[in-house]
Amino acid sequence: MKIQRCKGMRDMSPVEMAVFRWVVGICRDCYIKWGYREVRTPTIEYLHLFTSAGTLTPGMLGKVYSFLDWDGWSGERVVLRPDGTIPVARLYTESMLGQGLARLFYTANMFTFEGGEGNRERWQCGAELIGAGSAIADAELIALSLEIVKKLGLKGVELRLSHAGLMQALLAKLKLTPEEQHRMFDSILDGDTTLLSEASRESSELGDLLLPLLSKKGQSADFLRDQRASLCRSIPGMRSPLDDFLKTVSILDDLGIKYQINIASGAGFEYYTGMIFQLFSGREKIGGGGRYDALISAMGGGDVPASGFAIYLDRLIKLVKATTIVSPQPRRILIKVVYDASAKEAFIIADALRNAGFIAEIDLDGREAGWILEVKSAAAMAFIDKVKSKKTSVRSVDEVIKLLEGKGGG
Amino acid sequence: MAVKIALPKGRLLRKTAALLQKADWRLDEYHSSMGFYRPKSGKFPDLLIRVFHEKDIPIQIAMGNYDLGICGLDWVEELLAKYPSSDVIKVKDLLYGESSLYMAAAGKSLDLRQNGAPIRIASEYPNLAEAFALKNRLSRFSIFPVWGAAEAYPPENADMVLLSAGGTADIAGYGLSPFGQVLDFSTFLIANRNSWGNKHLDKIVTSILNALPETSKSVAERNDDIPFSNTGNIRAQKPGKDIVYLALPDGHQQQQTVELLNKAGIKIDDYPSDIGNRRPKIGIDGVTVKVIRPQDMPLQVANGNFDLAITGRDWLADHLAQFPSSPVKEILDLKLRRVRLVAVVSQELPINNPGDLLRFSAGREEPFRLASEYVNIADKYARENHLGHYRVIPTWGATEAFLPEDADLLIENTETGRTIARHNLKIIETLFESTACLIGNTGSVADANKNKRIESIVKRLRTAAGNE
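Residue numbers (numbering that gives the first Met the number 0), protein chains in the order written: chain A, 0 to 409; chain B, 0 to 467.
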């Protein structure tokens, strides 16, 4: 029998973990400096947390790992967390309600089924800004996400903007039943706009109005500003989301942030109510987020506006080359125990070296290293510098440290 | 390699046999009632034919144990609802055995988007029921997978049922209102995806297709679509606080149960019922009876739908293997229908006791396959015997047909062991002895409002069963 990992799940080797830690470290640094505090939620949640109206689309729910718990005789299922935002909103609702503004971040793995060779486990590092509903809050998240991208050294990352409220207003104009409208919104969010194009082709008025809005990519904010009057005349419901959207966009303009507007850009979550943004590096989506003002109220937490985003770690790790990572690694020294009886001394010396900031590794398989310390007894040791092919007798830890620090390298 | 086909027993047997007769297959025993698991075809002497419960066939095809199969599309869709990438191809509609799956409730309509308590859906098709719930955005729901009698659950024990029926009139006959048609289906010829590409199935498939009647009729054309209505609210009334709810078994356990109840002086009208009445009247005040499948009882007692039930210890054990902390316990051994639960392998395998299992399974590449109606007992058995790489294949009866080709071990019940011996199988271990027993919800037994009535039933049954 061949032992192998579960299909779609991922291992991370020591080299990959180093990259992972480096990327997460940059995200963490940025989040913390912007005032965000770290949280962690469980891997398993109740399914109904995610099925409650307006949280995940049926398309996504059809791919969750759901099962009956060992005490699931009521027939209600639990799931492996398919999303990062909903559990954090749940945590806020459950134990932070009434504390006002909360800036929270997390690093967690998400589980959704993907056919074929797709990843079924995906890591993300996300931030949630709960309790603020302003355009400044939207701009904060976008600016924060771009700062992370910049610190990761990624060039040419494209920011795409959309607005869930605008999408909904457009759909409302199609005079669909609530069910059809839901289905269409879901299909757009699941990344499929064919339903929408078909529906809007049936009316010339809508065709004239919607198709330019929906199909053209890279619309500028000026286009929206110019069309504002006529759009609002045809679709009065657009006024409020459009104004909201333009407010956020103006701040981005002031901050000198470049973006593209693509109203029908899908791949979002049903809980979004306002601004939606996505980060692309080439064709690869490396992050995204949006405003979800109704989510906490749907969980019974009252009227609390919120927005958030996540950085998709699996995709970023592929883009970040291991060689570009410069992080100061502590210097490494291999301790060789010459006689079994000197093990105790070797452990004490290794401990002292670790306290002095070195990596001290006890040799177990006779390997070689740049720096080796042979320990015969507490007072009889030999320091070997392979690079310089030099062996020095030493009598104490202090002498070893002096040699290591004085001579550098390794 | 020989082509293998899985044929259905049960409701599709007669028409499938007729179709294959028209196709000149000259089957020796498919349509006979005795020992019909391995028929042979005069036309295709090399074709390996096995007969399964219809529900097992899509799984067998998807696993690649069989190249071709004939079964209702409902069971194919049930598999695909949960496992959309299953290797099953729908080859051809065979145009018989038509039926539909309806979502139904006891009232006229149901508020699907209610909040608060979960909507309970009972069905033999739990995967399709879950897909329905997700598609219709039920905010919170429970699925009760049942072996049968789903129609008996609403309104007290489930809010909705997904069930198969010939038409809306049949649903009305159950006293239910259909409010959504989930699937129209008929019998299909299905194939394993890899076999379809790599094996010579054409002669066999052609012979079946040529025997089909010339007709343009297709299930897609039948259309009595019912729109979903999401208004109103008919959530079931809360059960009476002091009423004791008792579940009695349907099927072949009824006769012995009636005799025991008579002996205990408990009178029940219309049980067993000639007209399929699932709510017979019991001659004890404050006790309400419903007739459901014994397999489904432990779960229904656990979730509080019933306080007491008469079922087999085998089904209680299966439930407890799935939910070890379940609030269901055996109250009384009724000493009826004594069977043994046994682990069974083919005579040909070098396995004579559980100790041999580990050696045998460790020595091979493929996962060890356990087939059973008792999936949770089988899973626990595999764990306790340290089988490294194993699979549990759920079955719906006729499990003997799985050995030796399609499974390595069965967990089966047997009265005499004769059926097992006749199929060239051997018993390697007896897990436990099962008899009918009275099970109860521990909360109900401790409930001051119900305790007196429960005690009185237990007392009468104890005397009748000879448990002094």
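We put the CB at the ideal spot given by N, CA and C, even for glycine.
- The beta carbons of B:V257 and B:R452 sit about 20 Å from each other, so the pair does not count as a contact at 8 Å.
- If you compare the alpha carbons of A:C124, A:T84 and A:Q328 with that of A:C29, the shortest gap goes to A:C124.
- Residue ranges of uninterrupted beta strand (DSSP E) with 3 or more members, entirely inside the segment 117–148 of chain B and ordered along the chain, are 118–122 and 140–144.
- Look at the beta carbons and you see the segment 151–170 of chain A not touching the segment 330–340 of chain A: under three pairs across the two are nearer than 8 Å.
- For B:V160, the uninterrupted beta strand (DSSP E) run begins and ends at M159 to A164, by DSSP.
- Taking a cut-off of 8 Å on C-beta distances, the segment 157–173 of chain B does not touch the segment 59–74 of chain A, as fewer than three cross pairs fall below it.
- Under the 8 Å criterion on CB atoms, A:L60 is classed as interfacial with respect to chain B.
- Annotated three-state conformation of A:F222 is helix, per DSSP.
- Cβ atoms of B:F140 and B:A132 come within 8 Å of each other, at about 5 Å.
- Using a Cβ-Cβ cut-off of 8 Å, A:P235 does not count as an interface residue toward chain B, since no Cβ of chain B sits closer than that to its own.
- Note that the C-beta distance between A:V393 and A:L402 is below 8 Å.
- Non-local beta-carbon contacts of A:L165 in its own chain, meaning distances under 7 Å to residues more than five positions away in sequence, involve M237, P240, L241, F244 and I262 in chain order.
- Residue-level contact by beta carbon holds for B:R136 and chain A, with a gap shorter than 8 Å.
- Contact between the segment 452–467 of chain B and the segment 339–347 of chain B is absent, with fewer than three C-beta pairs closer than 8 Å.
- Counting the other CB atoms within 10 Å of its CB gives A:V14 a total below 16, which places it among the exposed residues.
- In this structure A:F308 is in contact with A:A126, their Cβ atoms being roughly 6 Å apart against a cut-off of 8 Å.
- Counting only the Cα atoms, B:G179 lies some 14 Å from B:S98.
- A Cβ-Cβ contact shorter than 8 Å links A:I256 with A:L145.
- A check of alpha carbon separations from B:A105 across B:A149, B:D355 and B:Y244 identifies B:A149 as the nearest.
- In the three-state DSSP reduction, A:M8 falls in the coil class, being neither helix nor strand.
- About 5 Å separates the beta carbon of B:D407 from that of B:R368, a gap short enough to meet the 8 Å contact definition.
- The beta-bridge partner set that DSSP reports for B:P7 consists of B:F51.
- Under the three-pair Cβ rule at 8 Å, the segment 323–330 of chain B does not count as touching the segment 273–281 of chain B.
- For A:G365 and B:H388, the gap between their C-alpha atoms comes out near 37 Å.
- By DSSP's assignment, A:M109 forms a beta bridge with A:R121.
- Excluding five sequence positions before and after A:A220, the CB atoms of its chain that fall closer than 6 Å to its own CB belong to V248, given in chain order.
- Spatial neighbours of A:M380 in its own chain (CB-CB distance under 8 Å, excluding positions within 5 residues in sequence) are listed in chain order as I348, L372, E373, V374, S392, V393, R394 and V399.
- Membership of B:H318 in the alpha helix (DSSP H) is indicated by the continuous run R312 to Q321.
- The beta carbon of B:F187 is closer than 8 Å to those of I69, C70, G71, L72, V75, K89, V90, K91, D92 and L93 in its chain, skipping five residues each way along the sequence.
- In terms of Cα proximity to B:K328, the closest of B:M296, B:S194, B:V290 and B:N351 is B:M296.
- In the DSSP assignment, A:G152 falls outside any alpha helix (DSSP H) and carries neither an H nor an E.
- Look at A:T50: its C-beta is under 8 Å from a C-beta on chain B.
- The beta carbon of A:L230 sits closer than 6 Å to the beta carbons of M237 from its chain, once the five residues preceding and following it are set aside; these are given in chain order.
- Along the segment 346–370 of chain B, the alpha helix (DSSP H) occurs as fully enclosed runs of 4 or more residues at 353–361, listed in sequence order.
- The straight-line gap separating the alpha-carbon atoms of B:A130 and A:D292 is approximately 28 Å.
- By the Cβ-count criterion, B:A308 is buried, with 16 or more other Cβ atoms from all chains shown falling within 10 Å of its own Cβ.
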